[in-house]
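Notes follow once the structure below has been shown.
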Amino acid sequence: MIKSARAWMEERTGLESGIHHFLNEDIPASSGWHQVFGSIALFLFMVQAFTGIMLAMNYASTTSEAHSSLRYILTELTAGRLMRGLHHWGASMMICVVVLHMLQVFLWGAYKKPREATWMLGVVLLLLTLGFGLTGYLLPWDNRAYWGTVVTTQIAAKAPVMGPYILALLGSQDGQIGAVTFARFYGAHVLILPAVTALLLFLHVYLVRLHGVAPAPVETAPPIKFYPRQVFKDTVAIFATFAVLFALAVAVRVPLGKLADPTDVSFIPRPEWYFLFLFEVLKYFEGPLEIVGSMVLPGIAVLLLFLTPFIDRRKAIRLRQRTGAIGVLLLAVIGWGGLTAAALSSTPHRDAWKGFSAEEMAAVGNFRRADCWKCHASSPGESRPGPNLADIAVLRDRDWLVKHFKDASGEAGRSMREIQWKQLASFLPKLDDDNVSSLHAIPQNLVAGALVYQQNNCGACHFINGVGMKTGPPLNGVAKRWDRKWMEEHFVDPETKSPGTIMPAYKFSPSDMTSILDYMMYLTD
Amino acid sequence: MKSSSPTEPRRGFLVASITGLMGIISAALALPTAGYLLGGSKHKRPADWVAAGDIAKLEPNVPEQIVFERIRRDGWKTVKEKASAWMIKTGEKEVVAYSPICTHLGCAVSWDGAAKNFACPCHTSSFGTDGKVLAGPAPRALDRFDIKIDGTTILLGEIRQSDKA
Numbered sequence: 079m080i081k082s083a084r085a086w087m088e089e090r091t092g093l094e095s096g097i098h099h100f101l102n103e104d105i106p107a108s109s110g111w112h113q114v115f116g117s118i119a120l121f122l123f124m125v126q127a128f129t130g131i132m133l134a135m136n137y138a139s140t141t142s143e144a145h146s147s148l149r150y151i152l153t154e155l156t157a158g159r160l161m162r163g164l165h166h167w168g169a170s171m172m173i174c175v176v177v178l179h180m181l182q183v184f185l186w187g188a189y190k191k192p193r194e195a196t197w198m199l200g201v202v203l204l205l206l207t208l209g210f211g212l213t214g215y216l217l218p219w220d221n222r223a224y225w226g227t228v229v230t231t232q233i234a235a236k237a238p239v240m241g242p243y244i245l246a247l248l249g250s251q252d253g254q255i256g257a258v259t260f261a262r263f264y265g266a267h268v269l270i271l272p273a274v275t276a277l278l279l280f281l282h283v284y285l286v287r288l289h290g291v292a293p294a295p296v297e298t299a300p301p302i303k304f305y306p307r308q309v310f311k312d313t314v315a316i317f318a319t320f321a322v323l324f325a326l327a328v329a330v331r332v333p334l335g336k337l338a339d340p341t342d343v344s345f346i347p348r349p350e351w352y353f354l355f356l357f358e359v360l361k362y363f364e365g366p367l368e369i370v371g372s373m374v375l376p377g378i379a380v381l382l383l384f385l386t387p388f389i390d391r392r393k394a395i396r397l398r399q400r401t402g403a404i405g406v407l408l409l410a411v412i413g414w415g416g417l418t419a420a421a422l423s424s425t426p427h428r429d430a431w432k433g434f435s436a437e438e439m440a441a442v443g444n445f446r447r448a449d450c451w452k453c454h455a456s457s458p459g460e461s462r463p464g465p466n467l468a469d470i471a472v473l474r475d476r477d478w479l480v481k482h483f484k485d486a487s488g489e490a491g492r493s494m495r496e497i498q499w500k501q502l503a504s505f506l507p508k509l510d511d512d513n514v515s516s517l518h519a520i521p522q523n524l525v526a527g528a529l530v531y532q533q534n535n536c537g538a539c540h541f542i543n544g545v546g547m548k549t550g551p552p553l554n555g556v557a558k559r560w561d562r563k564w565m566e567e568h569f570v571d572p573e574t575k576s577p578g579t580i581m582p583a584y585k586f587s588p589s590d591m592t593s594i595l596d597y598m599m600y601l602t603d
Numbered sequence: 080m081k082s083s084s085p086t087e088p089r090r091g092f093l094v095a096s097i098t099g100l101m102g103i104i105s106a107a108l109a110l111p112t113a114g115y116l117l118g119g120s121k122h123k124r125p126a127d128w129v130a131a132g133d134i135a136k137l138e139p140n141v142p143e144q145i146v147f148e149r150i151r152r153d154g155w156k157t158v159k160e161k162a163s164a165w166m167i168k169t170g171e172k173e174v175v176a177y178s179p180i181c182t183h184l185g186c187a188v189s190w191d192g193a194a195k196n197f198a199c200p201c202h203t204s205s206f207g208t209d210g211k212v213l214a215g216p217a218p219r220a221l222d223r224f225d226i227k228i229d230g231t232t233i234l235l236g237e238i239r240q241s242d243k244a
């Protein structure tokens, strides 16, 4: 039955003999573990295509819904985090493997005649891979995505003559990005790039077959067949790669940040790690020279890479005879590594909660005061009786939440006032992967200070992190203006410190005084 | 010294390894994918009770289509939408509310005053005032809403699927 079906198929399509022909290719006996990278890259491309399609099954590709649909994937769907994790880490591993593949080809001198075209296609494929990374970065539409892409489009805008046209092509208007840019990036990411990459991959593999796998300088044994020995090595390498990818996707959470906010000036944009070196280069070229860092140097680098087979035309493929090529390679590695390290070390770390308003800080205080943490964990994977707030999105409306707080908090919630419940109910739906840790991470003294601040309605005159009134002085940076002692005396009797002030005196209890002073002294910027 | 073709047992091991490892990778992708595509939302929750009309304004035993607004979770969206129910007041404090969706293939049924039945315009199924199938291909009676009466306000809850006829 199966046999006759196979015969039927073979007679009409030649499928089986085609596969045989493909697998039984002669390869040099020297082939081995060093040649597995091309296969791994091809495998990762297929994983990316698969997980990408899966994500698209539950993703709305518009600025108004992209973020919430991704949040839905992450918090409501079985294996949703896994799918996104595989796609995210797969992209990074793809870059690594493609670069390792090029390194191997370079070190083995496999780009030399007659394989120049194979190499050049490979360089284009590297650029396409980077293009995937660049366009995909925008699609979560969180702050990271938005601000990263703003920087990218602004770099492109500085291109001489072409700048405005590139900007128009990227759908950017007046230095802003929005729905049009998003649609273009999405279209490029899921339609243009996959089609072009698949076509060029096909040509790349075709050329590999045409010229055969590059032999060692001296081949002592007759050629062997591709299948099964080399296929086995490729498969083991692919399996190891997949195991690492799967482990990363399970163990390392890819955060979905706050919804893209063009007014959030506190956000510090950073590109994906493989673009950090370019990001760093821009720091060294200022003013009219900027274009050297953003266009000229990267352009020259890509051109040199592309033309490598023509720059190095010597026939020698033994490493010892190619000291020049090795020197260039080492310089490139050191340059890339140094720039990336410099960019990483200069990346400031800022806890998401540092941007919280007093009301949000106080909400964290009330979360702790009402013992909510006894049932609800706020770090991934921790198990407590109620839903883990790091794993779900809070989607209930405010009335439901307030009722739930009152019903579930028991004794600890008795001292809470209605307004405090309402503030907590407004705060919880704002939790995301970046700031959910605030529920346990903010030092308790600051939280207590924010509670005192809220109870005394300081926000009716003062302003912290974008919330409050500006009748009195805004309090961001207050710790730089005054010291603790001055502040304490000012609370007790404002008139002695700033004559004519309308601020009333506050007779705090000693513990409240300590808390509010701690909170004020933390406001350094 | 490498030989150009592996000996039989070794070849068997290589082929088995290739098949096995590829099988594990496929399974590791296929199983989560099945959960991902078939699992639906992990946070299913019952529909909230929603006010839909006033029982005092209904005429006894005369079906009336009541349109109401409800809030529904639609994938990643929370939508506010119009929905309707066919209501029949069966007593002073009693009312039944049918989903207007034909149990055959989902067309909207409407009350045919002359024939005294609910008629589906698509494949001519018809249902009596008790919801039961009178004619046509419909496999079961009309589905009913859960109902609560608060004063004279009718509150609608989940739609309960009727038993197969």
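So the protein sequences, as listed, match chains C and Y. Here the first sequence stands for residues 79 to 603, numbered as in the working numbering. Here the second sequence stands for residues 80 to 244, numbered as in the working numbering. All C-beta atoms, glycine included, are put in the ideal place defined by N, C-alpha and C.
Is the CB-CB distance between residue i and residue j below 8 Å?
i              : j              : result
T313 (chain C) : S96 (chain Y)  : yes
C199 (chain Y) : V212 (chain Y) : no
A566 (chain C) : L595 (chain C) : Looking at the sequence shown, residue 566 (chain C) is not Ala but Glu. Their beta carbons are under 8 Å apart, which means E566 (chain C) touches L595 (chain C) by this criterion.
A448 (chain C) : F505 (chain C) : no
K161 (chain Y) : V146 (chain Y) : yes
V239 (chain C) : G130 (chain C) : no
D571 (chain C) : A583 (chain C) : yes
A455 (chain C) : A468 (chain C) : yes
N140 (chain Y) : I167 (chain Y) : yes
V291 (chain C) : S146 (chain C) : no
What residues from chain C crowd round residue i, counting only those whose CB sits closer than 8 Å?
i              : result
V158 (chain Y) : The contacting residues do not exist; V158 (chain Y) stays about 12 Å from chain C at best.
A107 (chain Y) : F320 and F324
T232 (chain Y) : Per Cβ cutoff of 8 Å: no residues; T232 (chain Y) is ~18 Å from chain C at best.
P111 (chain Y) : T156, A157, L160 and M161
Could you tell me which residues DSSP pairs with residue i in its beta bridges?
i              : result
R219 (chain Y) : Y:K243
M259 (chain Y) : Any property of residue 259 (chain Y) remains undetermined from this structure, which presents chain Y solely from 80 to 244.
K227 (chain Y) : Y:L234
A198 (chain Y) : Y:S189 and Y:S205
K156 (chain Y) : Y:D153
I542 (chain C) : C:V545
K161 (chain Y) : Y:E148
K303 (chain C) : C:D104
S120 (chain Y) : C:L155
Output, in chain order, the set of chain Y residues within a Cβ distance shorter than 8 Å of residue i.
i              : result
E143 (chain C) : W155 and K156
S146 (chain C) : W155 and K156
F483 (chain C) : Ordered by position in chain Y, no residue passes the 8 Å Cβ test against F483 (chain C), which lies about 18 Å from the chain.
Going by Cα to Cα distance, which pick from the options is closest to residue i?
i              : options                           : result
I151 (chain C) : C:T213, C:Y137 and C:L206         : C:Y137
G546 (chain C) : C:W560, C:R559, C:Y531 and C:A557 : C:Y531
L326 (chain C) : C:S170, C:I404 and C:L101         : C:S170
P426 (chain C) : C:L208, C:P347 and C:N534         : C:P347
L137 (chain Y) : Y:F197, Y:A176 and Y:R223         : Y:A176
L199 (chain C) : C:F384, C:A321, C:G527 and C:I378 : C:F384
I542 (chain C) : C:G92, C:Q533 and C:P552          : C:P552
Q308 (chain C) : C:F280, C:A519, C:Q113 and C:L467 : C:Q113
C536 (chain C) : C:R287, C:E573, C:A157 and C:S435 : C:S435
A57 (chain C)  : C:Q533, C:A246, C:L356 and C:K393 : Here chain C has residues from 79 to 603 only, and residue 57 (chain C) is not among them.
D242 (chain Y) : Y:G236, Y:D229 and Y:R223         : Y:R223
M161 (chain C) : Y:D225, Y:I150 and Y:L116         : Y:L116
V125 (chain C) : Y:P216, Y:T232, Y:L108 and Y:G118 : Y:L108
L216 (chain C) : C:T574, C:A261 and C:L529         : C:A261
K336 (chain C) : C:A85, C:V525, C:R222 and C:K563  : C:R222
W153 (chain C) : C:G443, C:P507 and C:R398         : Note on identity: in this sequence residue 153 (chain C) is Thr, with Trp being the wrong assignment. Measuring from the Cα of T153 (chain C), the nearest candidate turns out to be C:P507.
N37 (chain C)  : C:S250, C:M439 and C:E89          : The question about residue 37 (chain C) has no answer, for chain C in this structure spans 79 to 603.
I105 (chain C) : C:H99, C:I302, C:E194 and C:L178  : C:I302
H122 (chain Y) : C:T579, C:R474, C:P376 and C:I497 : C:R474
D127 (chain Y) : C:T592, C:F123 and C:W478         : C:W478
Is the beta carbon of residue i within less than 7 Å of some heavy atom of the ligand GTP?
i              : result
V174 (chain Y) : Inclusion of the ligand GTP in the displayed structure is not the case, the ligand content being empty and no account of it being possible.
Run through chain Y and tell me which residues come within less than 7 Å of residue i, C-beta to C-beta.
i              : result
F505 (chain C) : By Cβ distance, chain Y contributes nothing, its closest Cβ being about 19 Å from F505 (chain C), past 7 Å.
What are the residues of the region 294-313 of chain C that lie near chain Y, defined by any Cβ-Cβ distance shorter than 8 Å? A299, P300, P301, I302, K303, P306, R307, V309, F310 and T313
What residues from the region 149-179 of chain C come within 9 Å of chain Y, judged by C-beta to C-beta, listed N to C? R149, Y150, I151, T153, E154, L155, T156, A157, G158, L160, M161 and L164
Interface positions of the region 124-137 of chain C facing chain Y (Cβ-Cβ less than 7 Å), listed along the chain: F128, M132 and M135
Members of the region 465-479 of chain C near chain Y, C-beta cut-off 8 Å: I470 and L473
Contacting positions in the region 88-104 of chain Y - beta carbon closer than 8 Å to chain C: R90, L93, V94, S96, I97, L100, M101, I103 and I104
What are the residues of the region 109-141 of chain Y that lie near chain D, defined by any Cβ-Cβ distance shorter than 7 Å? In the structure shown, chain D does not exist; the protein chains are C and Y.
Against chain Y, which members of the region 258-269 of chain C pass a CB distance test of less than 7 Å? none
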